[in-house]
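J.: The structure under discussion is supplied below as structure tokens; questions concerning it will follow.
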Amino acid sequence: MSRPSDYDDGSGAAARVEAPELGLKGWLRWFWRQLTSMRVALILLLLAVAAIPGSLLPQRSADPNGVIQYEQDHPELFPILDAFPIQAFDVYGSVWFSAIYLLLFISLIGCVLPRIVHHWRAWRGQPPKTPARLQRMAGFSEVRVSNPEATDAERAEFAERAVEVAAEVLRKLRYRVQVQRVTRRGVEEVSVSAERGYLRETGNLLFHLSLLGVLISVGIGGVFTFNGQKVLVEGETMVNQLIDYDTVNSGRSFDTESLEPFSLRLDGLDVTYMTPEDGNVSAIGQVKDYTASMTLIDPDGSESEHTIRVNHPLRVHGSPIYLIANGYAPKITVRNAEGTVVYSEAMPFIPQDTNMTSLGVVKVPYGIMDESGEQTQLGLRGFFYPTKSDLDTGAFTSNYPDLENPVLTLDVFVGDLGIDNGVPQSVYALDTGAMEQLTGRAIDKESLELTPGQTVDLPNGLGTITLEAVPRYASFDVMRNPAQQWILVFALLALGGLLWSLFVARRRMWVKAVPTEDGVALQYAALARGDDPSLERAVDDLKQLHRERL
């Protein structure tokens, strides 16, 4: 048992004070109090700022090709950022971010639930008692009504009537009122205590509960969400099935059988650009609008025409379909030395600037024979220029994004494409580690140059290549999130609750009537919960209304 610090047992030695053992229950209670404190909540919010790199670095869930490209561009830094526990390319699914998310969620619940109970009791309760000394309150003022000839009973009656009138005035001002009588030092004081602004705390609680709703909706959406991307060249059709998407990200509990088997065909992609007729010469070539003309094919075979524009998705079968990117897809035909077609596809090229200078790769794994008669693989890497223009250095560029003077240049590689070793490759990257370059500036041999409809010979008698046409392509994002609407609802409720709590003032007002030797002293005062710059004016207004009614 611990002794008081001033205990003296006669030995002259200082008393040893021992703290009591907390035990498991005590430690759990201490941890819960710390977790639900405002200080810890603010610390967790500051730690959540560490998620900012998730918007600066490509994420596997949203941009897997960007992650691959970052790994190629930064081979030394990438393993460090990708290692546990940093997980910079999976920020929103990382262990540390999930821990912050869950702790903040628990902390928010621990803060909100007790406040709801307290607010409910305050709502059902009565206004607080009138303080003994109103002089300490904001906006205090006193008005003395003198009547030396009045008896004590008459002064007491006037005090009662003054308080009743004050209570009536406060009720009309939407205050909850309670008339109180207290005897101090033999003098009976009559007062009215009033309070309003309970909706301020209601709005505050609505804000925090809505945040909980947002967090829960995001969590549910993450479990059942589906997100698929598909690149379509004009004339191509996609089917809303897992196997037909280029990239897919889905929640752990998403049921792939819930995807309805509708089809979508890209009939054309119209892009309108700024022209001199628009009156802004400096904006010539900038995009005014993208319009994708689509044909929706329902499971029963019926067709309907639709359009998709940026920020104007097509919503079908509960899945909004967004237009997220576009570009050119040169259709290239490769024939071997015998004239047999070994490749004929429209390959999307990735734009590198606003004038649509585009980089692309073509891989021909079969059908090409080298000079010795052995089968080899062919790789083509090059740029497409919608409107070719010559630079002073001799290189090409595009000075306008539309097809005014289209030119395709290609560097030719032969050897092993690396696609047979079981390691996945990006279709937009060419691994030349085991290949020999036949054309290009690196070996001082001119690249192949083609215009639409033109055919040129491949080096070393490998065959020919033809640029058949230059259709456009569009990239679409198909989403399904059953909690998406709830996220919007709770976000709007949170905004409404925040505004509600900011514009509603929580006030307490008091009017006290104290009989004196020569009359009655009327005292007015108020107290605000939080900042209320108009509090003193409210007291003056109450005093003025009260005097007018009296």
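Numbering (this note's numbering), first residue to last: 133 to 682. Positions of the beta carbon are idealized from the N, C-alpha and C atoms, including for glycine. On a predicted model such as this, the values are computed, not experimentally measured, just so you know.
#1: Quick check on this structure: which residue in V419, G565, S414 and A653 has the alpha carbon closest to the alpha carbon of A291?
#2: Determine, using beta carbons only, whether K463 and E600 come nearer to each other than 8 Å.
#3: Counting only the same chain and skipping the five closest in sequence on each side, list residues whose C-beta sits under 7 Å from that of G572.
#4: On the CB-based measure, 16 or more other CB atoms within 10 Å of its CB, does R681 come out buried or exposed?
#5: Please state whether DSSP places I184 in a helix, a strand or coil.
#6: A606 and L455 look like a contact to me (Cβ under 8 Å); what is the Cβ gap, rounded to whole Å?
#7: Tell me whether V576 is buried or exposed, calling it buried when 16 or more other Cβ atoms sit within 10 Å of its Cβ.
#8: In the DSSP assignment, find the unbroken alpha helix (DSSP H) run with Y330 in it and report its ends.
#9: Assuming P603 and G360 are in contact, meaning their beta carbons sit under 8 Å apart, how far apart are those beta carbons, in whole angstroms?
#10: Closest to V371 by C-alpha separation, out of I429, R332 and V365, would be which residue?
#11: Just the C-alpha distance for E506 and A566, rounded to the nearest angstrom, thanks.
#12: Quick check on the DSSP output: the alpha helix (DSSP H) that includes S633 runs from which residue to which?
#13: Could you give the C-beta distance for L391 and Q373, rounded to a whole number, given that I count them as a contact under 8 Å?
#14: Given 8 Å as the limit, is there contact between the region 263-271 and the region 638-656, that is, 3 or more CB pairs closer than that?
#15: Give every residue of the same chain whose Cβ lies closer than 7 Å to the Cβ of M406, excluding the five residues on either side of it in the sequence, and list them in chain order.
#16: Taking only three categories from DSSP, how would you classify V202?
#17: In whole angstroms, what separates the C-alpha of N613 from that of E203?
#18: To which residues of the same chain is E296 closer than 6 Å at the C-beta, ignoring the five residues directly before and after it?
#19: Could you tell me which of M501, D563, V473 and T519 sits nearest to R513, measuring between CA atoms?
#20: Look at the alpha carbon of V493 and the alpha carbon of L245, and state the distance between them as a whole number of angstroms.
#21: Cα-Cα, which of F394, Q655 and G526 is closest to A294?
#22: Would you mind giving the Cβ-Cβ distance between L594 and V588, rounded to the nearest angstrom? I have them listed as a contact below 8 Å.
#23: Out of R253, F622, D609 and L510, which has the shortest C-alpha to C-alpha gap to E568?
#24: Secondary structure at R276, three-state DSSP: helix, strand or coil?
#25: From this set, L179, D673 and F608, which residue's C-alpha is nearest I363's C-alpha?
#26: Can you give me the start and stop residues for the alpha helix (DSSP H) that R681 sits inside?
#27: Taking the alpha carbon of V350 as the reference point, which residue from P259, A615 and V671 has its own alpha carbon closest?
#28: Which residue comes first and which comes last in the beta strand (DSSP E) that contains L189?
#29: In angstroms, rounded to a whole number, what distance separates the CA positions of V559 and W632?
#30: I need the DSSP call for R513, collapsed to helix, strand or coil.
#31: In the DSSP assignment, find the unbroken beta strand (DSSP E) run with K644 in it and report its ends.
#32: Using 10 angstroms around the beta-carbon of H444, count the other beta-carbons present and answer buried if the total reaches 16, otherwise exposed.
#33: Runs of 4 residues minimum, wholly inside the region 219-277: which ones carry the alpha helix (DSSP H) assignment?
#34: For R313 versus V322, is the C-beta spacing smaller than 8 Å?
#35: Report yes if the CB atom of S278 is closer than 8 Å to the CB atom of D650, and no otherwise.
#36: Put M426 into one of helix, strand or coil per three-state DSSP.
T.: Taking the structure as given:
#1: If you number the sequence shown from 1, residue 291 lands on position 159. Of V419, G565, S414 and A653, the residue nearest in Cα terms is A653.
#2: Position 331 of the sequence shown, counted from the first residue, corresponds to residue 463. Position 468 of the sequence shown, counted from the first residue, corresponds to residue 600. The answer is yes: Cβ separation under 8 Å.
#3: Translated into positions along the sequence shown, residue 572 becomes position 440. Hits under 7 Å: D543 and S579.
#4: Along the sequence shown, one-based indexing puts residue 681 at 549. Label assigned to R681: exposed.
#5: The count along the sequence shown starts at 1 and reaches residue 184 at position 52. In the structure shown, I184 sits in coil (DSSP, three-state: anything other than H, G, I, E or B).
#6: Counting from 1 along the sequence shown, the entry for residue 606 is found at position 474. Counting from 1 along the sequence shown, the entry for residue 455 is found at position 323. About 6 Å separates the CB atoms of A606 and L455; that is less than 8 Å, so the two are in contact.
#7: Counting from one through the sequence shown, the residue named residue 576 turns up at place 444. In the sequence on display, residue 576 carries Asp and not Val. So D576 ends up on the exposed side.
#8: Translated into positions along the sequence shown, residue 330 becomes position 198. Run containing Y330: Y330 to F356, per the alpha helix (DSSP H) assignment.
#9: The residue given as residue 603 occupies position 471 in the sequence shown. The residue given as residue 360 occupies position 228 in the sequence shown. With a Cβ gap of about 22 Å, P603 and G360 do not count as contacting.
#10: Here residue 371 is taken as the residue at index 239 of the sequence shown, counted from 1. Closest option to V371, Cα to Cα, is I429.
#11: For the purposes of this step, residue 506 is identified with residue 374 of the sequence shown, where counting begins at 1. For the purposes of this step, residue 566 is identified with residue 434 of the sequence shown, where counting begins at 1. Taking the straight line joining both Cα atoms gives about 16 Å.
#12: The count along the sequence shown starts at 1 and reaches residue 633 at position 501. Residues Q616 to F635.
#13: In the sequence shown, the residue the question calls residue 391 occupies position 259. In the sequence shown, the residue the question calls residue 373 occupies position 241. With a Cβ gap of about 6 Å, L391 and Q373 count as contacting.
#14: yes
#15: Along the sequence shown, one-based indexing puts residue 406 at 274. Only N412, A415, I416, G417, Q418 and K420 meet the Cβ criterion.
#16: Here residue 202 corresponds to residue number 70 of the sequence shown, with the count starting at 1. Looking at the sequence shown, residue 202 is not Val but Tyr. In this structure, Y202 counts as helix in the three-state DSSP scheme.
#17: Reading the sequence shown from its first residue, position 481 is the one you call residue 613. Reading the sequence shown from its first residue, position 71 is the one you call residue 203. So the alpha carbons of these two residues sit roughly 30 Å apart.
#18: What you label residue 296 is simply residue 164 of the sequence shown in a count that begins at 1. There are no such residues.
#19: On the sequence shown, position 381 is the one that residue 513 refers to. Looking at the Cα atoms, D563 is the closest of the given residues.
#20: Locating residue 493 in the sequence shown gives position 361, where the first residue counts as 1. Locating residue 245 in the sequence shown gives position 113, where the first residue counts as 1. The straight-line gap from Cα to Cα measures roughly 58 Å.
#21: The residue labelled residue 294 in the question sits at position 162 within the sequence shown. It is Q655 whose Cα lies nearest to the Cα of A294.
#22: Mapped onto the sequence shown, residue 594 falls at position 462. Mapped onto the sequence shown, residue 588 falls at position 456. That belief does not hold up - the Cβ atoms of L594 and V588 are roughly 12 Å apart, past 8 Å.
#23: Within the sequence shown, residue 568 is the residue found at index 436, counting from 1. The option with the nearest alpha carbon to E568 is L510.
#24: As a first step, residue 276 must be located in the sequence shown, where it is residue number 144. Three-state result, R276: strand.
#25: Within the sequence shown, the letter at position 231 stands for residue 363. With the sequence shown as reference, residue 363 is identified as Val, and Ile is not the correct amino acid for it. Selected option, being the one with the closest Cα: F608.
#26: Locating residue 681 in the sequence shown gives position 549, counting from the first residue. Per DSSP, R681 belongs to the alpha helix (DSSP H) from L667 to R681.
#27: Position 218 of the sequence shown, counted from the start, is the residue given in the question as residue 350. It is A615.
#28: Position 57 of the sequence shown, counted from the start, is the residue given in the question as residue 189. According to the DSSP assignment, L189 belongs to no beta strand (DSSP E), since it is labelled neither H nor E.
#29: Residue numbering aside, residue 559 sits at position 427 when the sequence shown is read from its first letter. Residue numbering aside, residue 632 sits at position 500 when the sequence shown is read from its first letter. About 53 Å.
#30: Within the sequence shown, numbered from 1, the residue matching residue 513 stands at position 381. For R513, the three-state secondary structure derived from DSSP is strand.
#31: The sequence position of residue 644 within the sequence shown is 512, counting from 1. Looking at the DSSP string, the run of the beta strand (DSSP E) that includes K644 is R639 to P647.
#32: Here the question's residue 444 lines up with position 312 in the sequence shown. Counting of Cβ neighbours within 10 angstroms places H444 among the exposed residues, the total staying below 16.
#33: Residue ranges of uninterrupted alpha helix (DSSP H) with 4 or more members, entirely inside the region 219-277 and ordered along the chain, are 227-256.
#34: Within the sequence shown, the letter at position 181 stands for residue 313. Within the sequence shown, the letter at position 190 stands for residue 322. Yes.
#35: For this step, residue 278 is matched to residue 146 along the sequence shown. For this step, residue 650 is matched to residue 518 along the sequence shown. Closer than 8 Å, so yes.
#36: Here residue 426 refers to the residue found at position 294 of the sequence shown. Reduced to three states, the DSSP call for M426 is strand.
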